[in-house]
Amino acid sequence: MTDAWDLDRFVEAQDGGTYEQALGELTVGAKRSHWMWFVFPQVAGLGRSEMSVRYALSSVDEAAAYWAHDVLGPRYEECCRALVDLGDVPMSEVLGAVDAQKLHSSLTLFSTAAPATATFELLLARHFDGEPDQATTALI
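Sequential numbering of the sequence shown, starting at 1, is according to UniProt numbering.
Here it is in structure tokens:
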């Protein structure tokens, strides 16, 4: 089967223990390493760095394919659940201010692309006043 979206780029980036490292950092509420782009991807057009461009999702359809992927979708949900389990700890404390904004953007994209999940809605409500990221909304 052909991967029309090249989603394997995300799997490859998460391999070699990187995904486990990211999940571990989320579980303890302290992001320390660099994985945000390929664990919580954003829509294309928001970031300008090489990593932002490489791991940007081109459309809602590509985000839906990411969500439906047998590895990436469950990992995205698992990472979201780890954040839910932290309770009311501000995402800026867990991720840093810039990456908290990236999370907001990613949640906005995936809440549009994926079937409604209580996890997305809870994270948006708890940490972002229930509001979508406006920059993301403008691009999708």
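Glycine is no exception: its CB is placed at the ideal position from the N, C-alpha and C atoms.
These numbers were taken from a predicted model, which means no experiment stands behind them.
Subject >> Proximity to Ala-100 [Cα-Cα], best of Glu-20, Gln-42 and Glu-12 >> reply: Gln-42
**OP:** Note the first and the last residue of the continuous alpha helix (DSSP H) segment covering residue 198.
**Re:** With the chain covering only 1 through 140, there is no way to say anything about residue 198.
Original post:
With 16 other CB atoms within 10 Å as the buried threshold, where does Asp-133 fall?
Top reply: buried
Original post:
Nearest-angstrom Cα distance between Leu-7 and Ala-114?
Top reply: 16 Å
**OP:** Following the continuous alpha helix (DSSP H) through Ala-4, name the residue where it begins and the one where it ends.
**Re:** From DSSP, Ala-4 is part of no alpha helix (DSSP H); its letter is neither H nor E.
**OP:** Give me the Cα-Cα distance between Cys-79 and Asp-129, rounded to the nearest whole angstrom.
**Re:** 20 Å
**OP:** Could you name the residues of the same chain whose beta carbon sits closer than 7 Å to that of Thr-27, not counting the 5 residues immediately before and after it, in chain order?
**Re:** Ala-82
**OP:** In the DSSP assignment, find the alpha helix (DSSP H) that holds Lys-102 and state where it starts and stops.
**Re:** 97 to 113
Original post:
Hey, how far is the Cα of Ser-92 from the Cα of Gly-29?
Top reply: 10 Å
Original post:
So, Ala-56 versus Ala-68, is the Cβ gap smaller than 7 Å?
Top reply: no
Subject >> Assumed close pair Glu-77, Thr-119 - CB separation to whole angstroms, cut-off 8 Å >> reply: 6 Å
Subject >> Alpha carbon of Glu-25 to alpha carbon of Asp-85, nearest angstrom >> reply: 13 Å
Subject >> DSSP bridge partner residues for Leu-57 (one or two, in chain order) >> reply: Val-43
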